[in-house]
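If you're matching positions, the sequence shown starts at 9 in the working numbering and goes up one per residue.
Backbone N, C-alpha and C fix where the C-beta goes; we use that ideal spot for every residue, glycine too.
Remarks on the structure that follows.
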Amino acid sequence: MINLDHVSFAYPEQGPSVNDVSFRVEDGEFVAILGANGAGKTTTVRLIDGLIRPTAGKVEINGTDTVTSSVSERARKVGFLFQNPDRQICKNTVREEILFGLQTVRGDEGEEALRARCEEVLKDFGFSGDEEPFSLSRGQRQRVALASILAVEPEILILDEPTTGLDYFECCHIMDRIRRMNEENRVTVIMVCHDMEVVLDYAKRALVMAGGHLLADGPVKEIFRDAALMEKASILAPQMISLSTRLGEGFEDADSPESVADAVLALRKGGARHA
Ligand SMILES: Nc1ncnc2c1ncn2[C@@H]1O[C@H](COP(=O)(O)OP(=O)(O)OP(=O)(O)O)[C@@H](O)[C@H]1O
Ligand SMILES: [Mg+2]
């Protein structure tokens, strides 16, 4: 679905922010992009969205080069949720906001169909439609932004730090919905995230970036267990992973308090000494 082939990008009068990066993402994957500040994560997702064009290499979405596809084609295929929902919300009610996104991207479908789709999304997200976005909480505004993106049914959903500024409950609410969309509707998700606990809970594969380069690409747990890689990328692995790595043999799959307890019991049954 997404193919980056030796992609580089430099902002004017700067060295490369993304440097010779290649990876592919298949339909229905949930991929996290990790790395320190300035690693090139946002630049990479902007390249996927076609907001910027590579200075070298090529980015393809479903086999079409982003350089040759139109803005409306890309908007139909790729939804982009920014860290700050207020950069995306521009209307006075939630209904108008969702309808606006639909009219912009799927305007050819006729007003009646779009209004019906809008009502469906409002119901699904639990909005009446008459709410004023700017009187809602930050978490609810993030849900409004997400609802208007998902309303157009993009094939790819890009999230750039979607949980920053949200409390734990709001974070789970948003992320659970995204996971459901990913599992039920096969929306392909690319998520930039600084919260490694969220990455562990939701993403299946991780790409690690540093200084514009792609350092690693693999299953989330394997990536977090690579202590040398974590240090090189200045990433602090989730506590449960650090703990299970330190506990060593028998704890390879322990990534929650419950599974650590299970592993202890399993070792005791087996009569292992250090259990
Ligand atoms: N609009 C811009 N103009 C010039 N340089 C930029 C611009 N945006 C980013 N950069 C530079 O490109 C590099 C990569 O930035 P990018 O925003 O992709 O990093 P990031 O991994 O998303 O970081 P963060 O975690 O802080 O969001 C940095 O050195 C940054 O200073
Ligand atoms: Mg960024």
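Nearest CA to the CA of ALA64: which residue from LYS240, ASN70 and LEU55?
To locate residue 64, count along the sequence shown from 1; it is residue 56. Looking at the Cα atoms, LEU55 is the closest of the given residues.
For a test of your reading of the model: does the CB of SER16 fall under 8 Å from any non-hydrogen atom of ligand 1? Yes or no.
In the sequence shown, counting from the first residue as 1, residue 16 sits at position 8. Shortest gap from the CB of SER16 to any heavy atom of ligand 1: 8 Å or more.
Between the Cα of ALA155 and those of PHE177, ILE186 and THR171, spot the shortest distance and give me the residue it belongs to.
What you label residue 155 is simply residue 147 of the sequence shown in a count that begins at 1. The shortest Cα separation from ALA155 among PHE177, ILE186 and THR171 belongs to ILE186.
Quick one: grab the DSSP three-state call for GLU120.
For the purposes of this step, residue 120 is taken as residue 112 along the sequence shown, with counting starting at 1. DSSP places GLU120 in helix when its eight states are reduced to three.
Environment of ASP116 [buried if 16+ CB atoms lie within 10 Å]
The residue labelled residue 116 in the question sits at position 108 within the sequence shown. Looking at its Cβ environment, which holds fewer than 16 other Cβ atoms inside 10 Å, ASP116 is exposed.
CA nearest to the CA of LEU8, picked from LEU167, CYS179, GLU105 and GLN247
Because the chain in this structure spans residues 9 to 283, residue 8 falls outside the shown range and cannot be described.
My parser needs the beta strand (DSSP E) runs of 3 or more residues fully inside the segment 138-188; what are they?
As far as the segment 138-188 is concerned, its whole beta strand (DSSP E) runs of at least 3 residues are 164-168.
Jot down the residue ranges of each uninterrupted beta strand (DSSP E) in the segment 47-79, minimum 3 residues, whole runs only, in chain order.
64-69, all fully within the segment 47-79.
When the Cα of LEU293 is compared with those of ILE182, ARG276 and LEU222, which residue comes out closest?
The structure shown does not extend to residue 293, since the chain is modelled only from 9 through 283, so no value can be given for it.
Could you give the DSSP three-state label for PHE232: helix, strand or coil?
Residue 232 sits at position 224 when you count from the first residue of the sequence shown. Per DSSP, reduced to three states, the secondary structure at PHE232 is helical.
Taking a contact to mean a Cβ-Cβ separation below 9 Å, would you say GLY58 touches THR74 in this structure?
Within the sequence shown, numbered from 1, the residue matching residue 58 stands at position 50. Within the sequence shown, numbered from 1, the residue matching residue 74 stands at position 66. The beta carbons of GLY58 and THR74 sit closer together than 9 Å.
Can you give the Cα-Cα distance for ILE6 and ALA271, rounded to whole angstroms?
The requested residue 6 does not occur in the structure, where the chain is confined to residues 9 to 283.
Should LEU244 go down as buried or exposed, given a rule of 16 or more other Cβ atoms within 10 Å for buried?
In the sequence shown, counting from the first residue as 1, residue 244 sits at position 236. Classification of LEU244: exposed, given that the 10 Å Cβ count is below 16.
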